[in-house]
Each structure stands twice: as C-alpha cells, then as structure tokens.
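Comments concern the structure below.
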Amino acid sequence: MKTLLDKTKGDRWIWLIIILLSMISILTVYSATSTLAFKRGMGVEELLLTKHVIFVLIGIVMIYIAHLLDYRYYAGISKILMVITIPLLIYTLIFGANVNEASRWVKIPIIGLTFQTSDLAKLALITFLARMLTKKQENIKDVKRAFIPIMGSVCVVFALIAWANMSTALMLFGVSMLLLIMGRISIKQIALVGLGGLILLMFVLFLGPRRNLYKTRINTYLHPELANSDKTFQSDHSKIALASGGFFGKGPGNSIEKNYLP
Numbered sequence: 002m003k004t005l006l007d008k009t010k011g012d013r014w015i016w017l018i019i020i021l022l023s024m025i026s027i028l029t030v031y032s033a034t035s036t037l038a039f040k041r042g043m044g045v046e047e048l049l050l051t052k053h054v055i056f057v058l059i060g061i062v063m064i065y066i067a068h069l070l071d072y073r074y075y076a077g078i079s080k081i082l083m084v085i086t087i088p089l090l091i092y093t094l095i096f097g098a099n100v101n102e103a104s105r106w107v108k109i110p111i112i113g114l115t116f117q118t119s120d121l122a123k124l125a126l127i128t129f130l131a132r133m134l135t136k137k138q139e140n141i142k143d144v145k146r147a148f149i150p151i152m153g154s155v156c157v158v159f160a161l162i163a164w165a166n167m168s169t170a171l172m173l174f175g176v177s178m179l180l181l182i183m184g185r186i187s188i189k190q191i192a193l194v195g196l197g198g199l200i201l202l203m204f205v206l207f208l209g210p211r212r213n214l215y216k217t218r219i220n221t222y223l224h225p226e227l228a229n230s231d232k233t234f235q236s237d238h239s240k241i242a243l244a245s246g247g248f249f250g251k252g253p254g255n256s257i258e259k260n261y262l263p
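Residue 263 is where the sequence shown ends in the numbering used here, and the numbering goes up by one at each step.
This is the structure:
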C-alpha cells in the first residue's frame with residue numbers, strides 16, 4: 002500500500018475526493034436498484050451493483066494510468082480531439098438517437114453501445130482551451146491572434162451542444178469562462194462573449210427544435226398551479242423525497258420515492 006502511495010502523484014486530496022465519490026456512487030446504486038429487484042425478481046440488484054463496481058474500478062485504474070502521463074501529452078492530443086468532436090456533434094444532431102425530442106446519443110457500430118458526444122466535447126474543449134491559453138500568453142491581449150481563435154472554438158462547440166442539450170452547454174460555457182479569466186483574457190472581452198452567449202441562448206430557446214419543451218418548463222415554473230400533474234409528476238416526487246429525507250436522508254436502501262419515479 003505504501004509503495005502504491007509513493008507512486009501516486011498529484012494532490013492527495015483530489016485522490017481522496019475521487020475515492021469518496023466512487024464509494025457514494027456505489028451506495029447510491031445499491032439503494033436505487035432495490036426497486037428493480039422487486040419488479041424484476043431477485044438477482045437483478047446484485048447484477049447491477051456488481052456491474053457498477055466493475056465500472057468504478059476500471060475508471061479508477063484509467064485515472065491512475067492517465068495521471069502518470071506528462072500533462073503536455075494531453076495538450077498534444079487536444080487538437081485531434083477537437084477535430085473529431087465537431088464533426089461528431091454535427092453527426093449527432095442529424096443522425097443521433099432521438100430521446101425526449103433531443104438528439105444526444107450516438108450508437109457505436111459492432112459493439113452496439115451508445116454514448117453522448119457532449120461528454121467527449123467537454124474533454125476536448127477544456128483541454129484545447131488550456132492549450133490555447135498557454136500557447137497565446139505572449140499575445141493574450143491581442144484580439145486577432147488570441148481572443149478570436151480561442152473564442153471561435155468555444156462558440157462552435159457551445160452552439161452545437163445547446164441545440165439539443167442546453168444544460169450541458171451552459172455548464173461547459175461557464176467552465177470555459179472561468180478558464181478565460183484564469184488565462185488572463187480581458188474582462189471586457191469576456192463580458193462581450195457573455196453577451197454573445199446570451200443572444201445565442203435566446204435564439205436556441207425561442208427558435209430551436211426544443212422551444213416548445215422550454216416554453217412548457219418556464220410556464221410550469223412560473224405557474225405551477227396550472228401545470229398538468231403528469232408533466233410535473235417526476236419533479237413533484239423529487240421534492241417530496243428531498244423534504245421527507247431531511248438533512249441526512251433516509252439512508253441507503255430506505256428511500257421511498259424511488260418506487261414512484263419512472
């Protein structure tokens with residue numbers, strides 16, 4: 002154990018957070034799958050829990066291997082990731098699996114698994130931004146040589162993701178803005194980008210393919226008493242779960258509202 006810790010680089014607190022979150026995820030899956038065991042029969046709960054634990058262990062091993070590599074290696078592949086990501090996002094919008102009026106998923110041939118291309122876009126954009134901000138530090142205040150090339154990548158990825166997945170796009174846009182601040186981009190330029198992002202957001206909200214869904218959600222939030230109970234079923238039971246659980250919750254396996262949520 003001591004030998005493994007000696008070979009572990011980086012901040013020990015980050016490793017502690019990773020392990021802690023992994024353990025919490027296992028408890029969460031154990032608690033959530035008890036309903037499936039009741040509906041589908043015994044054995045399902047253990048199967049899903051075992052599958053999740055295997056994925057968690059594989060993920061930790063991959064994190065460990067990744068942290069051994071020189072960080073400059075990731076800077077080198079960030080351009081390749083961006084070149085792959087943008088066509089993938091376009092492909093997803095056109096040919097992706099449609100779920101809840103949104104094309105977010107792409108099916109991998111042969112193995113039959115699906116994945117969200119926005120997950121790859123997160124990794125690609127953040128590493129690419131970090132690389133660009135480092136590379137352009139000497140000319141970081143130059144609009145043509147630094148600001149426009151950097152913001153071009155942010156705007157393209159944000160627009161492609163926002164068309165089908167607004168929440169992910171907003172989160173990624175926020176992280177990008179933080180990186181720009183850390184990278185010493187002018188606050189005035191960042192404010193200009195924020196204004197542009199707001200205009201793009203309004204465009205997607207009112208003219209995008211999911212505009213009816215967004216309109217319904219806004220109306221439901223502003224006038225919950227007029228909302229259809231079927232439309233608010235999941236959110237209502239989520240609120241009941243939060244209220245009945247209190248600060249510490251009911252504990253693993255003791256939750257009640259999971260039996261009502263789809």
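Every residue gets a Cβ at the ideal spot worked out from N, C-alpha and C, and that includes glycine.
- Setting aside the 5 residues that flank it on each side, Phe56 has no residue in the same chain whose C-beta is closer than 7 Å to its C-beta.
- Residues Val158 of the same chain have their beta carbon placed closer than 6 Å to that of Leu126, with the five preceding and five following residues left out of the count.
- Across the set Ser79, Leu22, Arg73, the C-alpha of Leu22 shows the shortest separation from the C-alpha of Leu58.
- Each of Lys52, Gly197, Leu179 was checked against the Cα of Gly153, and the nearest Cα belongs to Gly197.
- DSSP places Lys189 within a helical segment (H, G or I) once states are collapsed to three.
- Here Gly97 is buried. Its C-beta has 16 or more other C-beta atoms within 10 Å.
- Around Arg185, the same chain offers Ile141 as residues with beta carbons nearer than 6 Å, after the five sequence neighbours per side are excluded.
- Between Phe249 and Gln190, the C-beta gap is not smaller than 9 Å, which leaves the two residues out of contact.
- Looking at Leu69, Asp71, Tyr31, the one whose alpha-carbon comes closest to that of Lys52 is Tyr31.
- Look at the beta carbons and you see the region 211-220 not touching the region 170-184: under three pairs across the two are nearer than 8 Å.
- With contact defined as three or more Cβ pairs closer than 8 Å, the region 119-134 and the region 78-97 are in contact.
- When Leu90, Gly60, Lys136, Arg73 are compared, the shortest CA-CA separation from Ser26 is found for Gly60.
- According to the DSSP assignment, Phe249 belongs to no beta strand (DSSP E), since it is labelled neither H nor E.
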